[in-house]
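Working notes, beginning with the structure itself.
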Amino acid sequence: MPARRDIESILIIGSGPIVIGQACEFDYSGNQAVRALREEGYRVILVNPNPATVMTTPGLADAIYMDPLTVPYLDRILEREKPDALLPTMGGQTALNLTIDLAEAGVIEKHGVKVLGAPIESIRIAEDRGKFKEVIAGIGLESPHSAFISKVSEGHAFVSEVGLPVIIRPSYTLGGKGGSIAETRDEFEELLKWALAESPVHTALVEESLLGWKEFELEVMRDTFDNAVVVCSIENIDGMGIHTGDSITVAPIQTLSDREYQEMRTAAIEILRAVGVDCGGSNVQFATHPETGRMVVIEMNPRVSRSSALASKATGFPIARCAARLAVDFTLDEVINDITGQTVSCFEPSLDYTAVKIPRFELEKFPQGYASLGTAMKSVGESLAIGRTYLSALNKAIRAAEIGFEGIEDLDLDEEELWSMAAKLHPRRIFATYSLLKRLGRENIDRISRLTGYDRWGLHELAELADLEHEIEAAGAGGSRAVGSARAAGTPGAAGTGNALLPLDLLFRAKRQGISDRRIAKLIGAEPRDIEDLRIEQRMHACYHFVDTCSGEFAARTPYFYSAYGEIDEGAPLGERGVIILGSGPNRIGQGLEFDTCCTLSSMAYRDLDRATVMVNSNPETVSTDFNVSDRLYLEPLSAEDVKEIMRKEGARDVVVQLGGQTALNMAEELESAGARIVGTPVKRIHDAEDRGLFYNVMRRIGLDQPQSAMAPSRAEVERLAGEIGYPVLLRPSYVLGGRSMGIAYTPEELREFLERGIEASEARPVLVDQFLEDAFEYDLDALSDGENVYVGGIMQHIEAAGIHSGDSACVFPPYKVDRTALTKMKEAAAAIARELGVVGFLNIQFAVQGGTVYVLEVNPRASRTVPYLSKSSGVNLVEVAVKIWQGFDLNMQGLVTPETEVLPGVAEGHCAVGWAVKEAVFSFDRFPNIDPLLGPEMRSTGEAIGIGGTFGEAFAKATSSAGSELPTGGRVFVSIHDSDKETMLPIVRELAELGFEITATRGTADFLFRNGIFSEVMLKVHEGHPNVVDHLEAGRIDLVINTPLGRFTQRDDDYIRIQALRHRVPYTTTTSAAEAALEGIKYLKRGEVSAEPLPAPS
Amino acid sequence: MQSACLFLADGSVFPGISFGAPPFRLDDLVPGEERPKGAGEVVFNTAMSGYHEVLTDPSYTGQIVTMTYPHIGNYGTTNEWSETGPEPGTDRPGVKVAGFVLRSLYEGPVGPGRRPLPEFLAAQGTPGITDVDTRGLTLHLRDEGSVSGVIVEAPEGFERWRPQETIPEEFRSRVMAFLAAFPEMEGRNLVGEVGTTAEEVINPEGSPHIALLDCGVKGNIVRELVGRGAKVSVWPSAAEPGDILGEGPDAVVVSNGPGDPAVLGYQIESVQRLMSEKPTLGICLGHQLISEAVGAKTYKMKFGHHGVNHPVRDEQSGHVFVTSQNHGFAVEEASLPENVTVWLKNANDGSIEGIKLSDRPVMSAQFHPEAAPGPRDARWIFDEFMELVRSASASTSATGS
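Structure below.
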């Protein structure tokens, strides 16, 4: 069937800011959909207020809106753009929920928009577990025994019938949010009450516990002509009880017989038909009883999902791209598979490898939040690896997850601890299991299987690995004395068929199972370099296979690779034409989508300049791992060993390390020593900037102020230096990532408390003790340098108080109310640092301004997380500029720094092209209900939202809304103001009162306000007793918080208020400028205007 | 761990580790001597599950099958899944493939009532080889076409990671001499080695009565027919058509089977006679025999279709469904006579997947509507055939009265 011609323009709704359960997979799917539909000649309009995304890059869609995903804004955009159709299946649950809201508000009908993909009714069925169950029963399939509960008493009646444990899930939530297991009656009652409150429709599904059952997922594609195929089957290594997003998974299904699998396949397709998903990709989840084989249907998502992104990368079948084409009535046999270029999309993918996904948890950030996993997703990212065997894929995926393991490794814990870890849904359970198998042998497979629910197949594979590792260890023990002599001999002759270091057959088998050189070295007590040298000597290198969707039946034309050992090597090298771009690996707090966007945009820019790009990344959610983005795609771990093998394979030496965050940067030295030419800033200078001691000297040399700082090689020194510098102090280890392990101490007691949280202080890993600049304002500056001239992309002012991690602070571009002299000083500093460090490419600097003094807080010689946001706001694609610099086009040639544009000698500056752009941080605290994550110098946010507007107020109001809370247009404002802010704050509070807000305040503030003619209700501070401000927040009696920092003694009070405000989605401001912004925002809202402007088209 | 090699007639060698029945030793290889196991045409199958069904599918007789999916054996084996047809006097769960080539054999524990794959193959006298670069082998077969091969115990001093250097020239040339004399699949008549040797009646009380010409029928074809209520008389493919018709069946099914259809002159003639009198369904080899019977030609494909993911389009309705396939020969479209309608086509390569006669109630499918292994999307073909049989017998009885 040809594409629909009754529609010309299509609106795609994005998924908004990244939260746990909804990450960059929707940038990937949205981006594919936009491209596929534009290729078919449709005008594509996109709405997504997430500035970090690739899809919102100007030029990629015909019109891009970054307004809040709410009914009024969508109404306005539909009014303005008059699209013929709406595609709601690309933006996750957010887009589906918004589409239902639009339908209920009559907006869809009003604008006569057709809903493509999943009709409203099918979305309702799939989301409403009760209705879904009815549909399942209607086609003769089984669901878990369950009941749809809206009262606690009904819940108790149900439990009396089916027994405990049961699972409780609120209806209509993201990624299983709020789903939990109740083991006792008391737990049940508590959890049910909570679930009823969580659910927007105040209903919950209570169902029999399938804990320990095997869990499977099928990715199904269906077209409007009722043809259907299963693109990928996935088996969860962690069975039922752990959210699939938190499970280790393997594709394809490993342990089902063909009969069982075909039964599931047929059921999945029938479910799509019954639910009424017209076309597109859907994910169907099943559970089977490990002994009886009873199969039940768990759920289905009538849209592309995290699993479909995973399935796309695991099979090479571009689900979202295909789904977009099916949405405009193409049929599966009309859509050609891009990988083979010769098979049609109804040719079901066949894999000749296994693909293993490992979740990445933030154990360091939320240590208490991970004691046990459950039915609510808690991981923030994932890595995918492909290998010819399960073990090779598993080892690579773990290495790629960057969680401090080289692959599967045994843990140095006593047996009892290992058993107890294996018995729990612990995030490191697989390691505990492996340790037990390695220590106690494979006779324990049955026992472990019963305990963990791991299938015996996977345990047997682990036992095989344990045997192999024992063999390696034994060889190492036998040959340990020979290590030195083998090194000394160093001739090819020393190797031969047997080697003093390690028998070659053993090395060959180890590499075939994906064991890294580092791990082998550790097992035999050698240096990784020894293993690498031996492999080079023996020409034992990785070979690469195509991911071709067809197990080799047809020649693939799209070079999407994974590594293997001792097999055929496919694909010819690119040679020096190639440039290797190192991605950023799995998402984590502090390193996520922003970096992937930089990598993707750089590949596009390089290709425009006729370079061939080689992308290396292990994160299956991303756009960068879309095989269309680069000339070559390697789904491989971002470790030096793996990258070196890729360099060798491709014969390419240029490596870009500035765009993949800290992961890529950390490899620079090792790659350079292996012959890589690191693109841009020289490695030595990167090192200077990264090493705080060296950096301090550089700053001193060029005369820039830094907060007082000292390096402490021991705990005692930390305390002594803190006393010398003076409290409060900021504490951090030498190498940092997104603020990990940083802390502020106001007192020696707090300092000791911080050090006791497992912080190492040694000669090798000293702790940095910095003066903490209280009441300062912070700024972020992103710049590009060609080595001489400097282009400052923009300076962003943090709206929140200093001391909160830059990634967690709202910021505004251009800076709001600022001292021009300070801005000039920052630009001067940027130029001086760029020139002193010899930066070629990106430079990010964080400043603090305190009492007219500009301090340099931190310098990152790489693209920062604000680059995509700044690019969109300023209308200058900074990544493209960087790539051009690297290809020899200096800033002058690019017309960015010219005598006309210079603001300082050799320095030019970008300007906000959209009026005002506010970036607001977005948190996922609701995933960790039992912990109090205090905001501070450790980054905690998972994503960001943008607000764009003609006024600061409009931008602020939109950013607040897109981040998940709404500024109030009436109600009660809580005010607590620091003495020094009182005069500036007074007119703001007065205006709020005049706008009709009730004012409540702390006693001191209330007195001050009263003296100035403003009446307010007095509320207690947290430490003053009950009911205090937090109680009122919890009771929903406060609609806006204005709380400017009150000094060191109340820092914790402030944090507590902020956390509660975040939990209850109450807007919260900590500075006078933020309060003013909120006031402006409120005034904008009260005017009742709903304005939506697309991003300016690229020049 | 015994090293072994898969040698191909074109000189390529794929090293691995032996399992199942022991491989040939060099001295076992006598040029010109045919071997039911250990040597055969090497083909690849892209199904990710269903290895037991593949092993027991009689159509694979004379073929060494390499599974492209690496992990095989994970869920064990059981006679319940056997596809071997009703052959009296033979071991029912008989493994039909001549050899099994894998990347990674599972040797761990399997569920209750199931038997580990290596044990099953050993008991069935079938050699296997694992740890093979099956990807390399598959690409080789794809590019060069299917070729004869033999699994041989590795010579002394053999090292898996450098096979070329460690196989003595004399060893290699003796293996090559054996393979050079090994019969090619084109022109090979293998139906004599499979299928029932005497008439077998299944579900004798059932109706309609279907006569099945057994060229190596898969068990699930019989199960699908019986499941729809039919009485099935399974006849040896060498049976007299007169004997078959003499029992007054309502319809005929011509089964799948191994080898080259063009050389099955006797069966082609039988099919001509049977389908001129009874509604007929042909499956796989049966489809090719029907095509030959109407005067069309078959040809040897480069490497055939062996997998469970091939899309087939119904040329009338435009619907597409995913099918289980296992064939190395296909019907030439240009050779089809006028009374033949192309019913189904491969949505991928356009090859013929099914035909219907415009003047007779005859239909045939190149793929396996009975699945096993593979998707069940095409089971409606049996429904459609039963419908055809019912309406044909209704019209016959109407004419009769």
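Quick note, the sequences are listed as chains D and H, same order.
Once you know that position 564 of the first sequence is 564 in our numbering, the rest is easy, because the numbers rise by one and skip nothing.
In our numbering, each residue's number is its place in the second sequence (first place is 1) plus 1099.
C-beta atoms are modelled at their ideal positions from N, C-alpha and C, and glycine is treated no differently.
As the structure is a computational prediction, the values presented were derived from the model and not from experiment.
What H:S1117 touches in chain D, judged by beta-carbon distance under 8 Å, is nothing: the nearest beta carbon there is about 16 Å away. A straight line joining the alpha-carbon of H:R1202 with that of D:I358 spans about 24 Å. Taken through DSSP and simplified to helix, strand or coil, D:V914 comes out as coil. The three-state reading of DSSP puts D:E909 in strand, counting E and B together. Listed in chain order, the non-local C-beta contacts of D:R862 below 6 Å within the same chain comprise Q658, L665, F842, local neighbours out to five positions each way being set aside. Between the C-alpha atoms of D:E1017 and D:A832 there is a straight-line separation of about 52 Å. Judged by pairs of C-beta atoms under 8 Å, the segment 145 to 158 of chain D does not touch the segment 101 to 121 of chain D, as fewer than three such pairs exist.
The straight-line gap separating the alpha-carbon atoms of D:G578 and D:S639 is approximately 19 Å. When CB distances to chain D are screened at a threshold of 7 Å, the residues of the segment 1131 to 1154 of chain H falling below it are T1145, M1147, S1148, G1149, E1152, in chain order. In this model, D:W916 and D:I125 are separated by some 41 Å (Cα to Cα). Your pair D:D238 and D:I253 does not check out as a contact, with CB atoms roughly 15 Å apart and the cut at 8 Å. Boundaries of the alpha helix (DSSP H) around H:F1219: 1216 to 1222.
Here the C-alpha atom of H:L1238 lies approximately 12 Å from the C-alpha atom of D:D548.
Relative to H:P1226, the option among H:E1285, H:F1118, H:E1132 whose CA is nearest is H:F1118. Residue burial is scored here from C-beta neighbours: H:D1242 has fewer than 16 other C-beta atoms within 10 angstroms and is therefore classed as exposed. Distance check between D:L69 and each of D:G947, D:A197, D:R450 places D:G947 closest, using alpha-carbon atoms only. Per DSSP, reduced to three states, the secondary structure at D:F1008 is helical. By the C-beta density criterion, D:I1038 is buried, having at least 16 other C-beta atoms within 10 angstroms.
Taking a C-beta distance under 9 Å as the contact criterion, D:N31 and D:D626 qualify as a contact pair.
The segment 342 to 367 of chain D is shown to contain no whole alpha helix (DSSP H) run of 4 or more residues. Interface with chain D (9 Å Cβ-Cβ cutoff): H:D1482 is excluded. D:T288 carries a strand assignment under DSSP once its states are collapsed to helix, strand and coil. Using a Cβ-Cβ cut-off of 8 Å, D:R388 is close to P1169, R1202, S1203, R1234 of chain H, given in chain order. Classified as buried, H:N1355 has 16 or more neighbouring CB atoms from the shown chains inside 10 Å of its CB.
Taking the C-beta atoms as reference points, D:V790 is found nearer than 9 Å to D:R835.
Under the Cβ distance rule, H:D1109 does not count among the residues neighbouring chain D, no pair being separated by less than 9 Å. Within the same chain, and ignoring the five residues on either side of D:H156 in sequence, no residue has its Cβ closer than 6 Å to its Cβ. For D:K114, the secondary structure class from DSSP, reduced to helix, strand or coil, is strand. For H:W1479, there are no neighbours in chain D by C-beta distance under 8 Å, as the nearest C-beta there is about 12 Å away.
Nearest in C-alpha terms to H:P1169, of all of H:T1229, H:L1363, H:A1276, H:Q1465, is H:T1229. Under the three-state reduction of DSSP, D:E902 is assigned to strand. Per DSSP, the continuous alpha helix (DSSP H) segment holding D:H156 begins and ends at 152 to 162. Annotation for D:K825: no beta strand (DSSP E) segment contains it, though the alpha helix (DSSP H) segment containing it runs 820 to 837. Considering only D:I999, D:F813, D:F777, D:D981, the residue with the shortest C-alpha distance to D:G910 is D:F813.
For H:R1322, no chain D residue has a Cβ inside 7 Å of its Cβ, as the nearest lies near 12 Å away.
One finds nothing in chain H with a Cβ atom closer than 9 Å to the Cβ of D:H289; even the nearest lies about 12 Å away.
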